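S.K.: Okay, here's the structure, questions in a sec.
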Amino acid sequence: ANNTRYGLAASVWSENINLALGMAPKLKAGVVWVNGTNFFDAAAGFGGTKESGFGREGGWEGLMAYTRPVNVPKEPADYSTKKTTPNRAASINRTYKNYVGGKQSRPDGGYTKQIS
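Take any residue in the sequence shown, note its place counting from 1, add 492, and you have its number in my numbering.
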C-alpha cells in the first residue's frame, strides 16, 4: 500500500482488530480507516500525503497552517524552596476542535434539537 505516488486514504480490513490497529499507523496516507470507509469527523483534520495533497484542512491541524510561533520572554524560575504542585496536565481538554473561517465551530454544524 505504501508503494504508490499517492496517499489520500487507505483502509485496513481484518477479523483481528489488534492486527488491524497495529497496521494502520504504518500506512502512509492522510486518512486510514479500520474495517470501514468514509467515516469522517468534522473536528478532525483532513488531507493527503505525497502527490495526493499538501497540508491539512479542518480541525486543529488546518488552523496551525495559518499560525506562527511567538516567543514570550519569561522571568527566570526560582527553584530555591518552591512547593511542588500536582500535575495538572490531566485537566487539559484535548478534544479536537473544528475551525472554519478562523473561528471554532461545532462539528454538527450548530444543529440543536430540543429534548422533552
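Don't be surprised by glycine CBs; every beta carbon is placed ideally from N, CA and C.
Note that the structure is predicted; figures quoted are calculated from it, not measured.
Have a look at 565, 521, 503, 512 and flag the residue whose alpha-carbon is nearest the alpha-carbon of residue 496.
M.R.: Across the set 565, 521, 503, 512, the C-alpha of 521 shows the shortest separation from the C-alpha of residue 496.
S.K.: What three-state label does DSSP hand residue 499 in the structure shown?
M.R.: In the three-state DSSP reduction, residue 499 falls in the strand class (E or B).
S.K.: Starting from residue 510 and walking both ways along the alpha helix (DSSP H), at which residues does that stretch end?
M.R.: 509 to 515
S.K.: Please identify the residue among 515, 541, 555, 505 whose C-alpha is closest to the C-alpha of residue 593.
M.R.: 555
S.K.: Can you tell me the Cα-Cα spacing of residue 511 and residue 528, whole angstroms?
M.R.: Cα-Cα distance, rounded: 15 Å.
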